[in-house]
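Numbering (the working numbering), first residue to last: 282 to 777. Cβ atoms here follow ideal geometry from the backbone N, Cα and C, with glycine treated the same way. Notes for the one structure printed next.
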């Protein structure tokens, strides 16, 4: 018996050794090197240095603007062959919460929209496009941008994408395990459908330009937002940022952005809905504004503080913020001559760092097989008068936005930071939170502590470029003390 057992024992030992070797070959420690020292950072650092060396303040000139919209879940009058126009979207899954496990929607509670505002100053044109979506997937943004270019000549670098980040918008657009956990099973044709609606809104705005006046400002709304990582120990961005566009006819559009996650309504709500941003848009338009456009702000560390997690809670939050918006608009100064500019900054991402423990991660080759992201992404900046809006491809933290707003004030500028700009690279929260075992920092922080460093430097550089400041260093921002512990969460908590 013992003699017969020895070959089996040796075989099992060999398999165990092979398994350990395979495991060891799949894992390594977390890389905590400063972003500036990474090889992947060098092209972007050189790029912004060159742009800063040639930066100068833009000269004010007359502005023209146009508005557009398209129903997100209604087929267009002239459908594109193969874009699901005949099948319709009412059986698609909702995107946002992993707990739904890809179940189809049960109907449409709120009308969902794609909306756009276009601007032309001194021969340069840009368009802001947002929709009642969780994010704007990269494939959707690319398709929409090509349709816009083909019809209007406006290129992708001049398109400023955003999303409301509602967790009640259409899914079916993501391929792969991670994307489908949040957006439901992939449905061929959904990307083309959504791209068509985004493009329709943008083209309507770009082909209906008229003389306009621009105003900008904000109001503080701390009562509706909280820190979702560490509660009162964290810094919160309470500002609701506004851009107001008034045509010669008197018609107005309002672009608004706020940092509270659009997660008032929970996962068991199975109807398409706009959450509180949808209520804000409807209420602002009911107050006499032709077009209200919401872009999710720096939401990565911020949650809503609504009176209840139901339809009434979302309505109350959206309507109260709309009331504050309508009260603020008449107080904003307007001008028909503005400084105008936009910048698109592509850059290489750090190595992916998918963690299994605090200091243990999958090797990059294996992480890349799991993550639905490409090795590069982009940041954007749009200047309208003395306002600069920065767009990011992530759930970007409101704490990062606070530092950028401080930088903007040093240059006499109002800065707003928005998320979901036509790509998605996970959560980007300050590096001092990286060791917390939370959903945002452990599950969804795909690129280690280096990506927040990259965002901080590159976004600050974009502010300085559009400010026309080539001789002043960025202010030194002292980070807060190390974060306290926070309760852990898992993939099933997606979006909360």
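Which residues does DSSP list as the beta-bridge partners of residue i?
i, result
"residue 624", "662"
"residue 575", "537"
"residue 401", "345 and 406"
"residue 524", "497 and 536"
"residue 698", "671"
"residue 396", "350 and 411"
"residue 506", "585"
"residue 736", "According to DSSP, which records beta bridges pairwise, residue 736 is partnered with nothing at all."
"residue 442", "410"
"residue 450", "376"
"residue 642", "309 and 636"
"residue 657", "629"
Can residue i and residue j be called in contact, C-beta distance under 7 angstroms?
i, j, result
"residue 718", "residue 311", "no"
"residue 415", "residue 450", "yes"
"residue 249", "residue 482", "Any answer about residue 249 is impossible in this case: the structure gives the chain only from 282 up to 777."
"residue 795", "residue 740", "The structure shown does not extend to residue 795, since the chain is modelled only from 282 to 777, so the question has no answer here."
"residue 493", "residue 528", "yes"
"residue 447", "residue 555", "yes"
"residue 645", "residue 632", "yes"
"residue 534", "residue 348", "yes"
Excluding five sequence neighbours on each side, which residues of the same chain lie with their C-beta closer than 8 angstroms to the C-beta of residue i?
i, result
"residue 501", "519, 520 and 521"
"residue 466", "374, 383 and 453"
"residue 611", "none"
"residue 618", "341, 342, 343 and 344"
Tell me which same chain residues have a C-beta within less than 6 angstroms of the C-beta of residue i, skipping the five on either side of it?
i, result
"residue 670", "663 and 697"
"residue 568", "607"
"residue 322", "316"
"residue 330", "none"
"residue 742", "329"
"residue 478", "351, 353 and 395"
Helix, strand or coil: which one does DSSP assign to residue i?
i, result
"residue 307", "helix"
"residue 497", "strand"
"residue 314", "coil"
"residue 349", "strand"
"residue 713", "helix"
"residue 755", "At residue 755 the pLDDT is 40, less than 50, meaning the model places this residue with poor confidence and gives no usable figure here."
"residue 465", "coil"
"residue 389", "strand"
"residue 335", "coil"
"residue 482", "helix"
"residue 747", "helix"
"residue 378", "coil"
"residue 491", "strand"
"residue 330", "helix"
"residue 557", "helix"
"residue 677", "strand"
"residue 637", "strand"
"residue 619", "strand"
"residue 705", "coil"
"residue 731", "helix"
"residue 544", "coil"
Looking only at its chain, what residues have a beta carbon closer than 7 angstroms to the beta carbon of residue i, apart from the 5 residues adjacent to it on each side?
i, result
"residue 420", "472"
"residue 468", "373 and 453"
- Tell me, please, whether the segment 693-710 touches the segment 723-735 by the rule of three or more beta-carbon pairs shorter than 8 angstroms. yes
- Message: Under 8 angstroms, with one C-beta from each stretch per pair, do the segment 540-555 and the segment 590-599 reach the 3-pair mark?
- Response: yes
- Is the segment 566-582 close to the segment 520-539, with three or more CB pairs under 8 angstroms? yes
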